[in-house]
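Numbering (the working numbering), first residue to last: 508 to 910. Inspection log for the structure reproduced underneath, given as structure tokens.
Spelled out as structure tokens, the structure:
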């Protein structure tokens, strides 16, 4: 990794004497201190910790139709090194790809290497920018652009086992389209395929679509997905039959403070019978779940965090600009299971609990942003039994410097 840092130093020095349009240096330093009291036990004390994410990138464009990008990243938590003279190997290659456009003088382009990748609103595939590491994929994306239709195909290697016949290798692939056929509306149908080779652990197809649009001050988004295929769960092969549905309707009010109200529901199917051969639990794949299911991150690993019972999230979100350069938002979630969850006493329950998230942001300048938040979670019957009966709180303060 020292060699990579040396390479970036050479690139930076070289870029000072090279055309600005050929090489562009970018950087980010993001620190976030968190107050963590998410254990549902009021007898225990909360704790503080601070994470730091530092990125250095270089974008190259030697030709109009050829570009590349390299980005290294250091992700750490303060105080985790063995001592003040210690060294932790936290530096990694976060992105490194080339982007070739107008292949064969057609509107065909290819982006290949290691990259962040988002599918639509990131409910199913996202880079998880909130994370102190964020997600990268190894593979490529092929794009064909037309006037009102863009077609995309992607293929990523998730794991490499180095076994004969690529046994146990895991891959992710798919196709999707951007359809701009109606004014102020975007429609995005998609197909996603996951596979673990040479065994029956996983063959999952996800079909669906995403639609967003607006009419005047009213806007909405809708997403639907259905999963089918085969999965090894509970020690036996099962047939996948699961679904996801989301609907959000919002209104942008007039005025300098630009208040916005959104009402919505997200539904992820679950299963209340794990003895049959039907797997009804929807998997959010590689989604940015922090963006949707509460900022306290009790539902980031789905379906594990819902114990296979699925999730119904009824939510209301309000945001406005109280002062110049200041944003404020308040989100409220009611979390229930999609299928009945059986408690230890034999009764069934559906309530995970409720969550409120308050966020305030200050854009000091183009290069400096400060954001803070406070969240409260009140557990329902399911979390009272599995996590604890007391309310949980969480706070954070995050500063981001970038150029």
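Glycine included, each C-beta is placed from N, C-alpha and C at the ideal position.
| Check | Outcome |
| --- | --- |
| For residue 544 and residue 901, what's the separation of their Cα atoms in angstroms? | 6 Å |
| Compute the Euclidean distance between the alpha carbons of residue 757 and residue 694, then round it to the nearest angstrom. | 18 Å |
| Could you check where the alpha helix (DSSP H) with residue 891 kicks off and where it finishes? | 888-893 |
| Quick check on DSSP: helix, strand or coil for residue 778? | coil |
| Would you check if the region 596-616 and the region 755-773 touch, i.e. whether three or more CB-CB distances between them fall below 8 Å? | no |
| Going by the beta-carbon positions, is the gap between residue 747 and residue 786 smaller than 8 Å? | yes |
| At the level of alpha carbons, what is the spacing between residue 675 and residue 591? | 41 Å |
| Could you tell me which residues DSSP pairs with residue 766 in its beta bridges? | In the DSSP output, where bridge partners are listed per residue, residue 766 has none listed. |
| Where residue 887 and residue 659 are concerned, what is the direct C-alpha to C-alpha distance, given to the nearest angstrom? | 42 Å |
| Going by beta-carbon coordinates alone, are residue 623 and residue 642 separated by less than 8 Å? | yes |
| Please list, in chain order, all residues of the same chain as residue 631 whose beta carbon is under 6 Å from its beta carbon, the five residues on each side excluded. | 792 and 794 |
| Is it true that the CB of residue 661 sits closer than 8 Å to the CB of residue 636? | no |
| Between the alpha carbons of residue 782 and residue 743, how many angstroms are there, rounded? | 10 Å |
| Per DSSP, what kind of secondary structure is residue 807 in: helix, strand or coil? | coil |
| Near residue 755, what residues of its chain come up, given a Cβ to Cβ distance below 7 Å and the 5 sequence neighbours on each side ignored? | 727, 728, 769 and 771 |
| Tell me whether residue 673 sits in a helix, a strand or coil according to DSSP, three-state version. | helix |
| Is there contact here, the region 877-894 with the region 855-865, by at least three beta-carbon pairs under 8 Å? | yes |
| Within a Cβ cutoff of 7 Å, which residues of the same chain sit near residue 553, ignoring the five residues on either side of it in sequence? | 542, 543 and 544 |
| Measure the beta-carbon distance from residue 533 to residue 564 and round it to whole angstroms, keeping in mind my assumption that it falls under 8 Å. | 4 Å |
| Is the beta carbon of residue 736 less than 8 Å from the beta carbon of residue 846? | no |
| Pick out whichever of 688, 549, 692 and 873 has its Cα sitting closest to the Cα of residue 895. | 549 |
| Using a Cβ-Cβ cutoff of less than 7 Å, which residues in the same chain neighbour residue 796 once the five nearest sequence positions on both sides are dropped? | 806, 807 and 809 |
| Fully enclosed by the region 832-890, which beta strand (DSSP E) runs are 3 residues long or longer? | 833-849, 855-872 and 875-886 |
| Could you name the residues that DSSP lists as bridge partners for residue 535? | 562 and 909 |
| What does residue 715 pair with, by DSSP beta-bridge criteria? | 697 and 732 |
| So is residue 699 buried or exposed if we call it buried at 16+ other beta carbons inside 10 Å? | buried |
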